[in-house]
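A.B. asks: Questions regarding the structure given below will be posed in turn.
Numbering (mature numbering (1 follows the signal peptide of the UniProt record, and there is no 0)), first residue to last: -31 to -1, 1 to 301.
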């Protein structure tokens, strides 16, 4: 049986109520008026991170809140051109990733001050129209670490990431912190494949770690869970729930929900109150931007109890998971 912690469901109910209040505050006209939202992605929409953005914007489209179009697999060298084309076509809100195109994306935004930009970024927002966000799911990553640390038998856990950047590092560090709390003897193997989407490369990196003794793999990238499944070890999912694709393999997953971020930005654009702010806070557990799902058949009962208690503390504000953006290192 797969368990989604109750607190995540309460947060979702709160978001629904908040959306109703937003509609009431803006009035029927504001609620019915559609805005043009564009997504510009450097990877396929199936990729974990982008899939959550795409899912949230599609949900807003299906509600009738926005008109939504997108471009995927846009190269960094072509990103600026695509941004300009959408800007010239009258987009109201452009959503995308600025990590590899910080300078050009900010330059385009400066040229179109009346268009709002909401971009995944490691750098600060810029007035008047360049807002930023990120998947700050270090809290659920920490909770999955608690589950993994209690489960490993070899006391070796492997972690395969895309790039050693803050957005990835903070999740791995939080996971490591949790694993150490339930198992002080656990060691870690860490590697980065220097790609956001290269499943074969991630799979090979995972195989090497499994050969070195890892019996649980932290799957920050696609391909890692495939290796875990083939070798009969367990995996920890990241951003999306892939347990249906890997039954009996995915022990737990830290999930990212972009809906709170997207809905907040859309409401502000409609209300004319959009600011160049950091929307990262809407990825926190307290905002409903993160959650954890656990396979009860695989996890130890004790670790589930511990993780639920820790989640309650995080939600109550009595436990804070520090954001550690330093590059994690292997300890084995």
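Ideal Cβ placement from N, Cα and C applies to all residues, glycine included.
Within this structure, are the beta carbons of residue 22 and residue 64 separated by less than 8 Å?
C.D. replies: Yes, these two residues count as a Cβ contact at 8 Å.
A.B. asks: Nearest CA to the CA of residue 67: which residue from 144, 57, 94?
C.D. replies: Nearest option by C-alpha distance: 94.
A.B. asks: Would you mind sorting residue 121 into buried or exposed? The rule is 16 or more other CB atoms within 10 Å of its CB.
C.D. replies: The residue in question, residue 121, is buried, as its Cβ has 16 or more Cβ neighbours within 10 Å.
A.B. asks: Whole angstroms are fine: how far does the CA of residue 142 sit from the CA of residue 222?
C.D. replies: C-alpha separation (whole angstroms): 15 Å.
A.B. asks: Following the continuous alpha helix (DSSP H) through residue 26, name the residue where it begins and the one where it ends.
C.D. replies: That run of the alpha helix (DSSP H) goes 17 to 32.
A.B. asks: Would you call the stretch 244 to 256 in contact with the stretch 211 to 230, where contact means no fewer than 3 C-beta pairs closer than 8 Å?
C.D. replies: Counting Cβ pairs under 8 Å, three or more are found: they touch.
A.B. asks: Kindly indicate the opening and closing residues of the beta strand (DSSP E) around residue 163.
C.D. replies: Segment: none, residue 163 is in no beta strand (DSSP E) and carries neither H nor E.
A.B. asks: Leaving out five residues before and five after residue 163 in sequence, what residues of the same chain have Cβ atoms less than 7 Å from its Cβ?
C.D. replies: Counting only Cβ-Cβ distances below 7 Å, and skipping sequence neighbours, we find 132.
A.B. asks: Straight-line CA distance for residue 182 to residue 123?
C.D. replies: Looking at the two C-alpha atoms, the distance is approximately 7 Å.
A.B. asks: Could you tell me which residues DSSP pairs with residue 186 in its beta bridges?
C.D. replies: According to DSSP, residue 186 bridges with 127, 204.
A.B. asks: Given a threshold of 16 other Cβ atoms within 10 Å of its Cβ, counted over all protein chains shown, does residue 239 qualify as buried or as exposed?
C.D. replies: Answer is buried; the Cβ neighbour count reaches 16.
A.B. asks: In the DSSP assignment, find the unbroken beta strand (DSSP E) run with residue 303 in it and report its ends.
C.D. replies: The first residue shown for the chain is -31 and the last is 301, placing residue 303 beyond what the model contains.
A.B. asks: Helix, strand or coil, according to DSSP, for residue 48 in the structure here?
C.D. replies: Residue 48: helix per DSSP, three-state reduction.
A.B. asks: Rounded to the nearest angstrom, how far is the Cβ of residue 261 from that of residue 113, given a contact under 8 Å?
C.D. replies: With 8 Å as the limit, residue 261 and residue 113 qualify as a contact, their Cβ atoms being about 6 Å apart.
A.B. asks: Considering only residues of the same chain and omitting the five flanking positions on each side of residue 104, which have a CB-CB separation below 6 Å?
C.D. replies: Only 225, 252 meet the Cβ criterion.
A.B. asks: My output table needs one value for residue 111: the three-state DSSP class, helix, strand or coil.
C.D. replies: Looking at residue 111 - three-state DSSP - the assignment turns out to be helix.
A.B. asks: Going by DSSP, what residue range makes up the beta strand (DSSP E) through residue 35?
C.D. replies: 35 to 40 is the extent of the beta strand (DSSP E) around residue 35.
A.B. asks: For residue -4, is the classification buried or exposed, using 16 other Cβ atoms within 10 angstroms of its Cβ as the cut-off for buried?
C.D. replies: Unreliable positioning characterises residue -4 in this predicted model, as indicated by a pLDDT of 42, which lies under 50. A coordinate reading is not provided.
A.B. asks: For residue 57, which of 81, 76, 48, 194 has the nearest alpha-carbon?
C.D. replies: Minimum Cα distance to residue 57 is reached at 81.
A.B. asks: Can you confirm whether the stretch 87 to 101 touches the stretch 39 to 53 when touching is taken to mean that 3 or more C-beta pairs between the two stretches lie within less than 8 Å?
C.D. replies: The stretch 39 to 53, when compared against the stretch 87 to 101, does not touch it at the 8 Å Cβ threshold.
A.B. asks: Excluding sequence positions up to five away, which residues of its chain have a Cβ less than 7 Å from the Cβ of residue 218?
C.D. replies: Excluding sequence neighbours, residue 218 sits near 194, 197, 198, 203, 204.
A.B. asks: Would residue 263 pass as a contact of residue 145 if the rule is Cβ separation under 8 Å?
C.D. replies: Going by C-beta atoms, residue 263 is not nearer than 8 Å to residue 145.
A.B. asks: Taking DSSP as the reference, what is the three-state secondary structure of residue 224?
C.D. replies: Strand, per DSSP.
A.B. asks: Out of 35, 78, 283, which one is the CA nearest neighbour of residue 54?
C.D. replies: Comparing Cα positions, the closest option is 78.
A.B. asks: Select from 83, 84, 74 the residue whose C-alpha is nearest the C-alpha of residue 90.
C.D. replies: Nearest option by C-alpha distance: 74.
A.B. asks: Quick check: what's the CA-CA separation for residue 235 versus residue 287?
C.D. replies: Distance between the alpha carbons of residue 235 and residue 287 is about 31 Å.
A.B. asks: Using alpha carbons as the reference points, say which of 49, 291, 189, 180 lies closest to residue 168.
C.D. replies: Of the listed residues, the one whose Cα sits closest to residue 168 is 189.
A.B. asks: Decide if residue 285 is buried, meaning its Cβ has at least 16 other Cβ atoms within 10 Å, or exposed.
C.D. replies: Residue 285 comes out exposed.
A.B. asks: For residue 118, which residues of its own chain have a beta-carbon under 7 Å away from its beta-carbon, when the five flanking residues on both sides are left out?
C.D. replies: Cβ neighbours of residue 118 beyond the five flanking positions: 147, 148, 149, 150, 151, 152, 155.
A.B. asks: Alpha carbon to alpha carbon, how far is residue 297 from residue 159?
C.D. replies: The alpha-carbon atoms of residue 297 and residue 159 are separated by roughly 7 Å.
A.B. asks: Mind checking if residue 254 is an interface residue toward chain D, Cβ cutoff 8 Å exclusive?
C.D. replies: No chain D is present in this structure, which holds just one protein chain.
A.B. asks: Expressed to the nearest angstrom, what Euclidean distance is found between the alpha-carbon atoms of residue 165 and residue 130?
C.D. replies: Their backbone Cα atoms lie some 9 Å apart in a straight line.
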